[in-house]
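Participant: Pasting a structure here, questions to come.
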Amino acid sequence: MGRIWGALALASLAACGDMVGDYPELMPTDRLLAEPALPGHATDAGRDPAAAGNALDARGRSLAARAGAAPAAGDAALQRRAEALRARAKALSQQSPAEDCPEGSPDCPPN
Numbered sequence: 038m039g040r041i042w043g044a045l046a047l048a049s050l051a052a053c054g055d056m057v058g059d060y061p062e063l064m065p066t067d068r069l070l071a072e073p074a075l076p077g078h079a080t081d082a083g084r085d086p087a088a089a090g091n092a093l094d095a096r097g098r099s100l101a102a103r104a105g106a107a108p109a110a111g112d113a114a115l116q117r118r119a120e121a122l123r124a125r126a127k128a129l130s131q132q133s134p135a136e137d138c139p140e141g142s143p144d145c146p147p148n
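The opening position of the sequence shown corresponds to residue 38 in our numbering, with each subsequent residue numbered one higher.
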């Protein structure tokens, strides 16, 4: 009986020896308590906040203009599919919900 307990104790101690995968590496205290690092462009914004704001506004307008641009017209099949989906969406938006509902269906809105 003593051998079984000894073998179990030895097996459990061997399992505790793996220091690599059992626990995540903890963050060192010197990194945790360090002063926050500011990005390089923060000094420019500190010197002239209006210029930094204007640059951000210009970049935002540029991104908005690119996002609103039409898709590339290279794929004719994609364009046909997009037109078909637009036509289907328009037809559905003009249709009353009651038109698609069979009489007495519990999923339909009341008339």
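Glycine included, C-beta positions come from ideal geometry on N, C-alpha and C.
From the DSSP output, in three-state form, read off Glu62 for me.
Facilitator: coil
Participant: Helix, strand or coil: how does DSSP classify Glu140 here?
Facilitator: coil
Participant: Work out the CA separation of Ala121 and Leu129 for me, nearest whole Å.
Facilitator: 12 Å
Participant: Whole-angstrom Cβ separation of Ala89 and Ala82, contact assumed at under 8 Å?
Facilitator: Cβ atoms of Ala89 and Ala82 come within 8 Å of each other, at about 4 Å.
Participant: Hey, how far is the Cα of Ala87 from the Cα of His78?
Facilitator: 14 Å
Participant: For Leu75, does the three-state DSSP call read helix, strand or coil?
Facilitator: coil
Participant: Residue range of the alpha helix (DSSP H) that Gln149 falls in?
Facilitator: Within the shown structure, residues of the chain are numbered from 38 to 148, placing residue 149 beyond reach of any answer.
Participant: Tell me the rounded alpha-carbon separation between Glu62 and Pro73.
Facilitator: 21 Å
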